[in-house]
Amino acid sequence: MQYRHLRYFVKVVECGSFSRAASTIHVAQPALSQQIAQLEEQLGVSLLLRTARGVQPTAAGEVLYREASSILRQLEEIPGVVRSKGGIAEGAVRLGMSSTVLATAPASFILECKAELPNVALIMAVSDSPTIKSRVRTNELDLGLVLEDELTPAFIRRPLFRQKLYVVSLSSSAERRAVSHAELAAMPLILPPQPNMTRTALDRAFAAASLSPNVVMEADVVANILLSIRTGIGSSVLPKGDLTDLSGTDLAKPIAIDPPLYLTCSLISSDNFPLSDAGESVRDLFMRFVERHLRETLAAGVEWIAG
């Protein structure tokens, strides 16, 4: 098995067809097909399902894709790792973060990273926490800032703070300080579908109290949830006590839940793939950035864990 076998196979899977992959890597399609056939013969398994609409990996092909992608990324990072040993962090670092936690922070942190770590190429990915955790687990991301309901294995984590959950509704003349679990369950709710950390925490709380929530709509993007609230469909629950970075002034001030429900915000990395020097430098800088940002903005519902 050679480097080109892995590189060609990964590209075929990512492109979904031999013709597109051949065009991308500038290799004749018959030669590309021959290389993949050699790889399948060496491994003794079928790696790709060929259909009229393209190709997709078999179960064995999915395993090889994950492992080969990781190997290729590590090879790409070797020059930066070697140069970092001279005392200056250098290389590419891929950081994922939940869009709910710090909606306006990615651009600010990119600028700070450029100033503090000029030889590090930071690549940001903004998504939901389950997706970020999955990508860290498969080494598609080096670091991830995620919200967690339970601390699952397979990660090295730095818990930063606990974040209260809040009820978000349209503006109302009658402001309330808190909403009980029973009152919350009776509201028409717009909630994210599973898998979602907020939904898991709510479902567990409702089940413990033998309550059946009135879920009238599911939406998996915060912007869609806020839009649905504005149309009057219902209320929602978010791990945010301040919406100034997400919305206008037409929504009511978020209301606390009593007894409170929390999610833990952690910075995670894979326990199978150690961070490079550049990754460690970004991790430390980002932890300081998150704490400074939340303390300066007086973020509501934050209870610090990290020392």
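In this text, residue positions in the sequence shown follow the working numbering: the first is 8, and each later residue adds one.
Glycine is no exception: its CB is placed at the ideal position from the N, C-alpha and C atoms.
As the structure is a computational prediction, the values presented were derived from the model and not from experiment.
What number of angstroms, rounded off, separates the C-alpha of residue i from the C-alpha of residue j?
i, j, result
"residue 48", "residue 147", "28 Å"
"residue 134", "residue 124", "24 Å"
"residue 13", "residue 132", "25 Å"
"residue 302", "residue 51", "56 Å"
"residue 9", "residue 136", "35 Å"
"residue 190", "residue 143", "37 Å"
"residue 33", "residue 80", "20 Å"
"residue 102", "residue 126", "16 Å"
"residue 25", "residue 138", "28 Å"
"residue 67", "residue 73", "10 Å"
"residue 261", "residue 174", "5 Å"
"residue 156", "residue 220", "19 Å"
"residue 65", "residue 188", "45 Å"
"residue 150", "residue 294", "11 Å"
"residue 96", "residue 215", "48 Å"
"residue 69", "residue 201", "24 Å"
"residue 218", "residue 271", "24 Å"
"residue 277", "residue 183", "42 Å"
"residue 27", "residue 304", "48 Å"
"residue 99", "residue 56", "33 Å"
"residue 308", "residue 158", "20 Å"
"residue 282", "residue 209", "34 Å"
"residue 37", "residue 203", "44 Å"
"residue 35", "residue 285", "37 Å"
"residue 161", "residue 306", "30 Å"
"residue 141", "residue 11", "27 Å"
"residue 45", "residue 280", "29 Å"
"residue 259", "residue 83", "49 Å"
"residue 85", "residue 114", "27 Å"
"residue 170", "residue 205", "11 Å"
"residue 152", "residue 194", "31 Å"
Excluding five sequence neighbours on each side, which residues of the same chain lie with their C-beta closer than 7 Å to the C-beta of residue i?
i, result
"residue 71", "16, 54"
"residue 222", "196, 198"
"residue 296", "116, 119"
"residue 22", "28, 31"
"residue 166", "271, 273, 312, 313"
Leaving out the 5 sequence neighbours to the left and right, which residues in its chain are closer than 8 Å to residue i when beta-carbon positions are compared?
i, result
"residue 235", "197, 224, 226, 241, 243"
"residue 324", "Residue 324 cannot be examined here, being either before or after the span of the chain that is shown, 8 to 314."
"residue 78", "13"
"residue 239", "177"
"residue 40", "25"
"residue 112", "104, 296, 297, 300"
"residue 211", "156"
Between which residues of its own chain and residue i is the CB-CB distance below 6 Å, once the five residues before and five after are set aside?
i, result
"residue 164", "273, 275"
"residue 172", "244, 246, 264, 268"
"residue 311", "168"
"residue 145", "73"
"residue 76", "17"
Less than 8 Å between the CB atoms is what I'm expecting for residue i and residue j, so what's the real figure, rounded?
i, j, result
"residue 237", "residue 265", "About 26 Å; that fails the 8 Å criterion."
"residue 154", "residue 107", "7 Å"
"residue 117", "residue 109", "About 12 Å separates the two Cβ atoms, so there is no contact after all."
"residue 43", "residue 19", "6 Å"
"residue 213", "residue 192", "6 Å"
Taking DSSP's pairing of strands, which residues face residue i in a bridge?
i, result
"residue 262", "174"
"residue 145", "Per DSSP, none; premise fails for residue 145."
"residue 231", "For residue 231, which the question treats as bridged, DSSP gives no partner whatsoever."
"residue 69", "None; residue 69 has no bridge partner."
"residue 185", "263"
"residue 356", "One cannot answer for residue 356 here, as it falls past the ends of the chain, which runs 8 to 314."
"residue 279", "Looking at the DSSP assignment, residue 279 forms no beta bridge with any residue, so it has no partner."
"residue 272", "154, 168"
"residue 63", "56"
"residue 162", "277"
"residue 98", "127"
"residue 108", "Residue 108 is not bridged to any residue."
"residue 6", "This structure leaves residue 6 out entirely; the chain is present only between 8 and 314."
"residue 245", "173"
"residue 119", "Beta-bridge pairing links residue 119 to no other residue."
"residue 309", "170"
- Query: With contact counted as at least three CB pairs below 8 Å, one residue from each stretch, are the stretch 222-239 and the stretch 289-297 in contact?
  - Reply: no
- Message: Quick test of the definition: if touching needs 3 or more C-beta pairs under 8 Å, does the stretch 245-262 touch the stretch 55-75?
- Response: no
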